[in-house]
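Some notes on the structure that comes next.
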Amino acid sequence: MASFTKTGSPQEILGEYAGLQDLGAAAKAGGAPTVRVTSTVEDARERGFLAEPRLVSARATPAAAREFGKRLAYTHAYTGDLTSGEERPYGRAPSLVAGPQAPAFALGTSRLVTVPASHPQRTWGEFYASDRIEAFIPAAERNGCLSPSDIAVIEKLCERLRAGEFDAGEPALVTRGAALTHGDLWGGNVLWVSAESARTGAHGAESATGVTAVLIDPLSHAGAAETDLACLTVFGAPHVSDIYAGYNSVSPLAPGWEDRIGLHRMYMLMMHCALFGGSYGPQTVFQARVYA
Numbered sequence: 106m107a108s109f110t111k112t113g114s115p116q117e118i119l120g121e122y123a124g125l126q127d128l129g130a131a132a133k134a135g136g137a138p139t140v141r142v143t144s145t146v147e148d149a150r151e152r153g154f155l156a157e158p159r160l161v162s163a164r165a166t167p168a169a170a171r172e173f174g175k176r177l178a179y180t181h182a183y184t185g186d187l188t189s190g191e192e193r194p195y196g197r198a199p200s201l202v203a204g205p206q207a208p209a210f211a212l213g214t215s216r217l218v219t220v221p222a223s224h225p226q227r228t229w230g231e232f233y234a235s236d237r238i239e240a241f242i243p244a245a246e247r248n249g250c251l252s253p254s255d256i257a258v259i260e261k262l263c264e265r266l267r268a269g270e271f272d273a274g275e276p277a278l279v280t281r282g283a284a285l286t287h288g289d290l291w292g293g294n295v296l297w298v299s300a301e302s303a304r305t306g307a308h309g310a311e312s313a314t315g316v317t318a319v320l321i322d323p324l325s326h327a328g329a330a331e332t333d334l335a336c337l338t339v340f341g342a343p344h345v346s347d348i349y350a351g352y353n354s355v356s357p358l359a360p361g362w363e364d365r366i367g368l369h370r371m372y373m374l375m376m377h378c379a380l381f382g383g384s385y386g387p388q389t390v391f392q393a394r395v396y397a
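Numbering (this note's numbering), first residue to last: 106 to 397.
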């Protein structure tokens, strides 16, 4: 099978490698199929190099989307990386780099903030406000994407988040703190591939018989399951309603989840403000006003 290779800073590639290890372990336990890694941790840590099988794309179907939703629910609920009685704190880094000290770097080019496994648990609202919204404000202000008045709206939203006004709990199967999330789950990071390609190139797809969704390119961390799902709606993913239906059929989301989709989109919108600026600013502020 042909290979797909990626190079970057060792820190960036190690973070992705570590995330793929956690997601791959979850896939083997029933979670969403995840692309295999054919390079080593030393390749990532020392050379900034990552190799994966090159997957063969296929057309997404409603049935495949529903199955992906079901499998994603089990990824989020995975606990194989936790010790007995341990709770996953919001913001926890991938297992390979999760401690006992905080990683000396942040994940990916977005410099996503993570914490060690030993970090005290926070409410979701506290974590989301500080690490997934406010952390991106300085860069978005520097590149001109957000004005002082825009930031005031976003800070008002963060106050409501910290006050716990939007804390709703994780889905039914997630019982040990935060969910294990992909962390960058826009539609392009879900590959719809042929069964043969999935069987040979992805963990958790050894018995695939039809079109299969495979996770790639994560910024994996401990977060909210609803954030992963909401990110699928930011740029569009095929059959999103079927993904949600499949998910809810095995691990029902907390009541009111439909009303929180926009709130959970704020993470990806803020990240894009910080990275790319431009038109993401008005879109982000419009979304923030709904909840501020």
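We put the beta carbon where it would ideally sit given N, CA and C, even for glycine.
Residue nearest to residue i in terms of C-alpha spacing, selected from the options
i: ILE259; options: CYS378, TYR122, LEU125 and GLY135; result: CYS378
i: GLY341; options: LYS111, GLY361 and VAL295; result: VAL295
i: ARG267; options: TRP291, SER215 and ILE238; result: ILE238
i: GLU121; options: PRO360, SER144, THR317 and ASP347; result: SER144
i: SER299; options: GLN206, SER200 and VAL319; result: VAL319
i: GLY196; options: ALA359, ILE256 and VAL220; result: VAL220
i: ALA393; options: LEU285, LEU262, PRO276 and SER346; result: LEU262
i: LEU125; options: SER114, ALA156, ASP347 and GLU151; result: ALA156
i: ALA327; options: LEU212, GLY135, ALA134 and PRO167; result: LEU212
i: THR188; options: ALA149, SER200, LEU177 and HIS181; result: SER200
i: GLU151; options: LEU160, HIS181 and LEU119; result: LEU119
i: ASP289; options: GLY282, LEU217 and GLY269; result: LEU217
Enclosing beta strand (DSSP E) for residue i [first to last residue]
i: TRP291; result: TRP291 -> no beta strand (DSSP E), and no H or E assigned at all.
i: PRO225; result: No beta strand (DSSP E) contains PRO225, which DSSP labels as neither H nor E.
i: LEU285; result: 284 to 286
i: PRO158; result: 154 to 158
i: PHE271; result: Taken as a continuous stretch (DSSP letters only), PHE271 belongs to no beta strand (DSSP E), as it is neither H nor E.
Enclosing alpha helix (DSSP H) for residue i [first to last residue]
i: GLU121; result: 115 to 133
i: SER254; result: 253 to 267
i: THR389; result: 385 to 396
Sub-9 Å separation of residue i and residue j beta-carbons
i: ARG227; j: TYR396; result: no
i: VAL142; j: GLY129; result: yes
i: ALA137; j: ALA131; result: yes
i: ASP347; j: ALA170; result: yes
i: TRP291; j: VAL316; result: no
i: LEU337; j: TYR183; result: no
i: ALA359; j: GLU331; result: yes
Residue i: CB within 8 Å of a non-hydrogen atom of the ligand MG
i: ALA170; result: With respect to the ligand MG, the structure offers nothing, as it holds no ligand at all.
Spatial neighbours of residue i in its chain, beta-carbon cut-off 7 Å, leaving aside the 5 residues before and after
i: CYS250; result: CYS378, GLY382, GLY383, TYR385 and GLY386
i: GLY376; result: It should be noted that the sequence gives Met, not Gly, for residue 376. Same-chain partners within the cutoff: SER215 and PHE241.
i: ILE256; result: ILE242 and GLU246
i: GLY306; result: MET106, VAL140, ARG141, PRO158 and LEU160
Enumerate, from N- to C-terminal direction, the unbroken alpha helix (DSSP H) stretches of 4 or more residues contained entirely within the segment 304 to 364. Secondary structure in the segment 304 to 364: the alpha helix (DSSP H) runs of 4 residues or longer, each lying completely within the stretch, are 330 to 336 and 345 to 355 in chain order.
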